[in-house]
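**Q** Under numbering that gives the first Met the number 0, the first residue of the sequence shown carries the number 0, and numbering increases by one thereafter. Below you'll find the structure I mean.
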Amino acid sequence: MSTLAVPQAGTRLRFPAGFWWGASTAAYQIEGSAGDDGRAQSIWDTFAAVPGNIENGDSAETACDHYRRYAGDVRLMAELGLTAYRFSVAWPRVMPDPDAKPDPRGLDFYDRLVDELLAAGIRPTATLYHWDLPQAIEDRGGWAVRETASRFSEYAAAVANRLGDRVAMWNTLNEPWCSAFLGYGAGIHAPGRTSYADALAATHHLLLAHGRAAEILRARCPSAQVSIALNAGTVRPATGTAADRDAARMIDGMLNRIFFDPLLRGSYPSDVVEDTAWVSDWSFVRDGDLAEISQPLDAIGVNYYQPDVVAAGDGPLLPYPTRGRVSWRPPDGPVTGMGWAVDPSGLHETLVRITRDYGSIPLYVTENGAAFDDAVTNGRVHDPARIEYLRAHFSAAHRALADGVDLRGYFVWSLLDNFEWAFGYGKRFGLIRVDYESQERTPKDSAFWYRDVIAAGGF
Ligand code: FCB
Numbered sequence: 000m001s002t003l004a005v006p007q008a009g010t011r012l013r014f015p016a017g018f019w020w021g022a023s024t025a026a027y028q029i030e031g032s033a034g035d036d037g038r039a040q041s042i043w044d045t046f047a048a049v050p051g052n053i054e055n056g057d058s059a060e061t062a063c064d065h066y067r068r069y070a071g072d073v074r075l076m077a078e079l080g081l082t083a084y085r086f087s088v089a090w091p092r093v094m095p096d097p098d099a100k101p102d103p104r105g106l107d108f109y110d111r112l113v114d115e116l117l118a119a120g121i122r123p124t125a126t127l128y129h130w131d132l133p134q135a136i137e138d139r140g141g142w143a144v145r146e147t148a149s150r151f152s153e154y155a156a157a158v159a160n161r162l163g164d165r166v167a168m169w170n171t172l173n174e175p176w177c178s179a180f181l182g183y184g185a186g187i188h189a190p191g192r193t194s195y196a197d198a199l200a201a202t203h204h205l206l207l208a209h210g211r212a213a214e215i216l217r218a219r220c221p222s223a224q225v226s227i228a229l230n231a232g233t234v235r236p237a238t239g240t241a242a243d244r245d246a247a248r249m250i251d252g253m254l255n256r257i258f259f260d261p262l263l264r265g266s267y268p269s270d271v272v273e274d275t276a277w278v279s280d281w282s283f284v285r286d287g288d289l290a291e292i293s294q295p296l297d298a299i300g301v302n303y304y305q306p307d308v309v310a311a312g313d314g315p316l317l318p319y320p321t322r323g324r325v326s327w328r329p330p331d332g333p334v335t336g337m338g339w340a341v342d343p344s345g346l347h348e349t350l351v352r353i354t355r356d357y358g359s360i361p362l363y364v365t366e367n368g369a370a371f372d373d374a375v376t377n378g379r380v381h382d383p384a385r386i387e388y389l390r391a392h393f394s395a396a397h398r399a400l401a402d403g404v405d406l407r408g409y410f411v412w413s414l415l416d417n418f419e420w421a422f423g424y425g426k427r428f429g430l431i432r433v434d435y436e437s438q439e440r441t442p443k444d445s446a447f448w449y450r451d452v453i454a455a456g457g458f
C-alpha cells in the first residue's frame with residue numbers, strides 16, 4: 000500500500016509531495032521528419048499510405064514537427080511546471096536497418112531531448128515501443144513471430160546504452176493490447192492484419208520482448224525505474240445476469256488479465272486460454288518464457304480512458320476472439336469528442352483493482368485525457384470541458400490514493416494536439432493547441448489550469 004502520506008486539507012485535494020506531474024506523447028504522433036537522419040519506414044507509414052485507413056487521408060510526415068522544434072516544446076513544458084515528460088523513442092530511427100548497427104543520428108536526437116529535459120528540471124520518462132515497428136521487421140513476420148522479441152532486445156540495448164544514465168523511468172511497451180488485438184486481430188491499426196491467431200501470438204511475443212528488455216534495462220540502468228504502460232480498464236457487465244457477468248469475465252481476461260497475470264504472476268489465465276482455444280493452441284509459449292516475462296518491475300503504467308460495458312450475445316466485438324458471444328454497450332452518459340464515456344469512477348476502480356488483485360505495486364497513470372472540439376477565440380483556447388474532465392479524473396486518482404493505492408504520478412495525454420492514429424488530426428487531445436499549418440503552439444486554458452494544479456500540488 001501507499002508509502003506516501005496523502006494530505007487532506009479541507010475540501011482541497013492535495014497530492015503527496017514528490018508526486019510526478021507529467022504529460023505524454025508518442026514519437027509517431029508528434030515528431031514528423033519522417034525521412035530525416037536515416038529514419039526507416041514504420042508499419043504506421045505503410046498503413047497510413049493506404050487510402051481509407053486514416054480519416055481525411057492525413058499523414059504523420061510532418062505532424063507537430065517536434066523533431067525540429069523539441070527545444071521550444073521543452074520550454075513550454077517548463078512553463079507548465081511539468082516534473083516529468085513521457086515520450087517514446089522511434090525504433091525505425093534507432094535501428095533503421097535491422098541487420099546493421101544502430102544509427103547514431105537517431106540516438107542523437109533523443110540524447111539532445113533528454114539533456115534539454117534535465118536542464119529544465121523535468122524527469123525523462125521513455126517508452127521504447129509506442130507502435131512504430133520498423134516495416135522491415137514486419138516484413139519478416141512482425142510481432143506474430145518470435146524473432147521480433149530478439150530484435151527488440153537489440154534495440155532496447157542500443158537505447159539503454161545511450162540514454163540509460165539519464166532516463167528516470169522506462170516503459171518497455173505502450174498498450175501491447177492495441178498492438179496485438181487492433182493491429183493483428185481487428186486490422187484497424189497497423190499493420191492491419193486480421194488473424195486472431197496472430198493477435199494471440201503477437202501478445203505473447205510482445206510480452207517476451209518486454210521481459211527481455213526489462214532485464215537489459217535493469218542491468219544497464221540501475222537507478223531508473225522499469226515499467227510498462229498497459230491500457231488497463233474496467234470491464235462492467237451491462238446487467239447482473241450470469242450471462243452478462245460471464246461476458247465481462249471474458250473481455251476482462253482478454254484486455255487486462257492476459258497481460259497482468261503473466262507479468263505479475265508468471266502465468267496466463269486458464270479461462271483466457273480456454274476461451275481462445277478455437278483460434279490457437281498457444282504453442283507459441285515455450286518453456287522458460289513466463290519466467291522471462293515476469294521480471295520484477297518497479298511500477299506499472301495505467302493508460303485509462305473509459306470503462307467497457309459488455310453484454311452476452313449478438314457480437315461482433317471486433318478485436319476479441321469471442322465467437323460472437325459478447326457485445327459492447329455504447330456509453331449512456333456524457334462522452335468526449337471521441338465518443339468515449341466520461342467516467343472517472345472507472346479510473347478509481349482500475350487502480351484499486353490492480354492493487355487488490357496483484358498486490359501493492361507503484362502505479363503511474365501514464366495516459367489520461369480527452370479530445371474535444373476546441374475553438375480558438377481571439378488567440379485563446381477556452382476548453383472548460385477538458386478542465387472538468389481532468390479535474391474529475393484527478394479527483395478519482397486522489398480517491399484511489401486515499402484508499403491505499405500506491406499512485407506515484409499522473410501523465411496527461413497529451414502535451415500537444417497530435418496525429419491521433421486512424422483518426423488523423425481531427426481529434427485534439429492536447430493541453431497545447433497546434434496549428435498544423437504554421438506549427439504555432441497555443442497553451443489552452445486547461446494548460447494554465449494544470450500549471451496551477453502542479454504549482455499548488457492539488458486544487
Ligand atoms: C492511447 C494511445 C495514445 C493516444 C491515446 C488517445 O490508446 O496510447 O497514443 O492515441 O490513446
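Every residue gets a Cβ at the ideal spot worked out from N, C-alpha and C, and that includes glycine. As the structure is a prediction and not an experimental result, all values here were calculated from the model.
Return yes when the Cβ of GLN305 is within less than 8 Å of the Cβ of ASP342, no when it is not.
**A** Indexing the sequence shown from 1 puts residue 342 at position 343. Indexing the sequence shown from 1 puts residue 305 at position 306. Taking 8 Å as the Cβ cut-off, ASP342 and GLN305 qualify as a contacting pair.
**Q** CB-CB under 6 Å to ALA369, same chain, minus the five flanking residues each way: which ones, in chain order?
**A** Position 370 of the sequence shown, counted from the start, is the residue given in the question as residue 369. Contacts found: THR335, ARG385 and TYR388.
**Q** Can you tell me the Cα-Cα spacing of ASN126 and ALA242, whole angstroms?
**A** On the sequence shown, residue 126 is found 127 positions in, with the first residue counted as 1. On the sequence shown, residue 242 is found 243 positions in, with the first residue counted as 1. In the sequence under discussion, the amino acid at residue 126 is Thr, which differs from the Asn named in the question. Cα to Cα, THR126 sits roughly 39 Å from ALA242.
**Q** Take the Cβ of LYS100 as the centre, count every other Cβ of all protein chains shown within 10 Å, and call the residue buried at 16 or more, exposed below.
**A** The residue given as residue 100 occupies position 101 in the sequence shown. Exposed, since its Cβ has fewer than 16 Cβ neighbours within 10 Å.
**Q** Compare the C-alpha of ALA179 against each of ARG248, VAL225, VAL411 and ILE257 and name the closest.
**A** The count along the sequence shown starts at 1 and reaches residue 179 at position 180. Per the Cα distances, ILE257.
**Q** Which runs of the alpha helix (DSSP H) spanning at least 4 residues fall entirely within the region 192-274, listed in chain order?
**A** Within the region 192-274, the complete alpha helix (DSSP H) runs of at least 4 residues are 195-219, 241-251, 257-264 and 269-274.
**Q** How would you call GLY56, buried or exposed, if buried means at least 16 neighbouring beta carbons within 10 angstroms?
**A** As a working note, residue 56 is residue 57 in the sequence shown. Classification for GLY56: exposed.
**Q** Considering only residues of the same chain and omitting the five flanking positions on each side of ALA421, which have a CB-CB separation below 8 Å?
**A** Locating residue 421 in the sequence shown gives position 422, counting from the first residue. The answer, listed in chain order, is ASN52, ILE53, GLU54, ILE187 and HIS188.
**Q** Under DSSP, the beta strand (DSSP E) around VAL284 begins and ends at which residues?
**A** Your numbering for residue 284 matches position 285 in the sequence shown. VAL284 -> no beta strand (DSSP E), and no H or E assigned at all.
**Q** CB-CB under 6 Å to GLU153, same chain, minus the five flanking residues each way: which ones, in chain order?
**A** Within the sequence shown, numbered from 1, the residue matching residue 153 stands at position 154. None.
**Q** Please tell me whether, using a cut-off of 7 Å, the distance from the CB of GLU115 to the nearest non-hydrogen atom of ligand 2 is below it.
**A** Ligand 2 is not part of the structure shown, which contains ligand 1 as its ligands.
**Q** Can you find the residues in the same chain that come closer than 8 Å, C-beta to C-beta, to ALA119, ignoring five residues on each side of it along the sequence?
**A** Along the sequence shown, read from residue 1 onward, the residue named residue 119 stands at position 120. If we look at ALA119 and ignore the five residues flanking it on each side, its Cβ neighbours are VAL73, ARG74, MET76 and ALA77.
**Q** Give a single yes or no on whether GLU54 has its beta carbon closer than 7 Å to a heavy atom of ligand 1.
**A** What you label residue 54 is simply residue 55 of the sequence shown in a count that begins at 1. Every heavy atom of ligand 1 is 7 Å or more from the Cβ of GLU54, so no.
**Q** In this structure, does DSSP put ASP307 in helix, strand or coil?
**A** On the sequence shown, residue 307 is found 308 positions in, with the first residue counted as 1. Looking at ASP307 - three-state DSSP - the assignment turns out to be strand.
**Q** Which same chain residues end up closer than 7 Å to ILE29 when comparing Cβ atoms and leaving out the 5 residues on each side of it in sequence?
**A** Numbered from 1 along the sequence shown, position 30 holds the residue referred to as residue 29. Taken in chain order, the residues that qualify are ALA62, CYS63, HIS65, LEU415 and ASN417.
**Q** I'd like to confirm something about ASN170: is its beta-carbon nearer than 7 Å to some heavy atom of ligand 1, or not?
**A** Looking up residue 170 in the sequence shown gives position 171. ASN170: no, Cβ never under 7 Å from ligand 1.
**Q** Assign LEU437 to one of three DSSP states: helix, strand, or coil.
**A** Within the sequence shown, numbered from 1, the residue matching residue 437 stands at position 438. For the sequence presented, residue 437 should be read as Ser rather than Leu. Reduced to three states, the DSSP call for SER437 is coil.
**Q** Have a look at PRO383, ALA196 and ASP102 and flag the residue whose alpha-carbon is nearest the alpha-carbon of TRP448.
**A** If you number the sequence shown from 1, residue 448 lands on position 449. With distances taken between Cα atoms, TRP448 lies closest to PRO383.
**Q** Put VAL113 into one of helix, strand or coil per three-state DSSP.
**A** One-based indexing of the sequence shown puts residue 113 at position 114. Of the three classes helix, strand and coil, the one that applies to VAL113 here is helix, per DSSP.
**Q** Can you say whether PRO103 is buried or exposed, counting buried as having 16 or more other CB atoms within 10 angstroms of its CB?
**A** Mapped onto the sequence shown, residue 103 falls at position 104. By the neighbour-count rule (16 or more Cβ atoms within 10 Å), PRO103 is not buried but exposed.
**Q** Please report the Cβ distance between LEU206 and PRO261, rounded to the nearest whole angstrom; I am assuming they are in contact, meaning their Cβ atoms lie under 8 Å.
**A** By one-based count along the sequence shown, residue 206 stands at place 207. By one-based count along the sequence shown, residue 261 stands at place 262. Yes, LEU206 and PRO261 are in contact; Cβ-Cβ is about 6 Å, under 8 Å.
**Q** Give the straight-line distance between the Cα atoms of HIS129 and VAL88, rounded to the nearest whole angstrom.
**A** Translated into positions along the sequence shown, residue 129 becomes position 130. Translated into positions along the sequence shown, residue 88 becomes position 89. Distance between the alpha carbons of HIS129 and VAL88: 8 Å.
**Q** So, helix, strand or coil for ARG427, using DSSP?
**A** Along the sequence shown, one-based indexing puts residue 427 at 428. ARG427: coil per DSSP, three-state reduction.
**Q** So is the beta-carbon of GLU174 under 7 Å away from any non-hydrogen atom of ligand 1?
**A** Start at 1 with the first residue of the sequence shown, and residue 174 comes out as number 175. Yes, the beta carbon of GLU174 sits closer than 7 Å to at least one heavy atom of ligand 1.
**Q** Can you list, in chain order, the residues of its chain with a C-beta nearer than 6 Å to that of TYR195? Leave out the 5 residues immediately preceding and following it.
**A** Position 196 of the sequence shown, counting from 1, holds the residue named residue 195. Closer than 6 Å at Cβ, skipping near neighbours: GLY184, VAL278 and PRO320.
**Q** Kindly identify the DSSP beta-bridge partner or partners of TRP420.
**A** The residue you call residue 420 lines up with position 421 of the sequence shown. TRP420 pairs with nothing; no bridge assigned.
**Q** List the endpoints of the continuous alpha helix (DSSP H) containing ASN160.
**A** Along the sequence shown, one-based indexing puts residue 160 at 161. Looking at the DSSP string, the run of the alpha helix (DSSP H) that includes ASN160 is 146-162.
**Q** At which residues does the beta strand (DSSP E) containing THR365 begin and terminate?
**A** Mapped onto the sequence shown, residue 365 falls at position 366. Element bounds for THR365: 362-366.
**Q** Compute the distance between the beta-carbons of ASN367 and HIS347, then report whether it is under 8 Å.
**A** Within the sequence shown, numbered from 1, the residue matching residue 367 stands at position 368. Within the sequence shown, numbered from 1, the residue matching residue 347 stands at position 348. Contact: no.
**Q** Below 8 Å on the Cβ atoms is my contact criterion, and I expect ALA396 with TYR409 to pass it. Report the Cβ-Cβ distance as a whole number of Å.
**A** Locating residue 396 in the sequence shown gives position 397, counting from the first residue. Locating residue 409 in the sequence shown gives position 410, counting from the first residue. Between TYR409 and ALA396 the Cβ distance is about 6 Å, and since that is below 8 Å, they are a contact.
**Q** Once DSSP output is grouped into helix, strand and coil, what is the label at GLY186?
**A** The count along the sequence shown starts at 1 and reaches residue 186 at position 187. Note: GLY186 maps to coil in three-state DSSP.
**Q** DSSP on GLY51, reduced to helix/strand/coil?
**A** The residue given as residue 51 occupies position 52 in the sequence shown. The answer is coil: DSSP assigns GLY51 none of H, G, I, E or B.
**Q** If you draw a straight line from the alpha carbon of ARG211 to that of ASP35, how long is it in whole angstroms?
**A** Walking along the sequence shown from the start, residue 211 turns up at place 212. Walking along the sequence shown from the start, residue 35 turns up at place 36. Cα to Cα, the separation comes out at about 30 Å.
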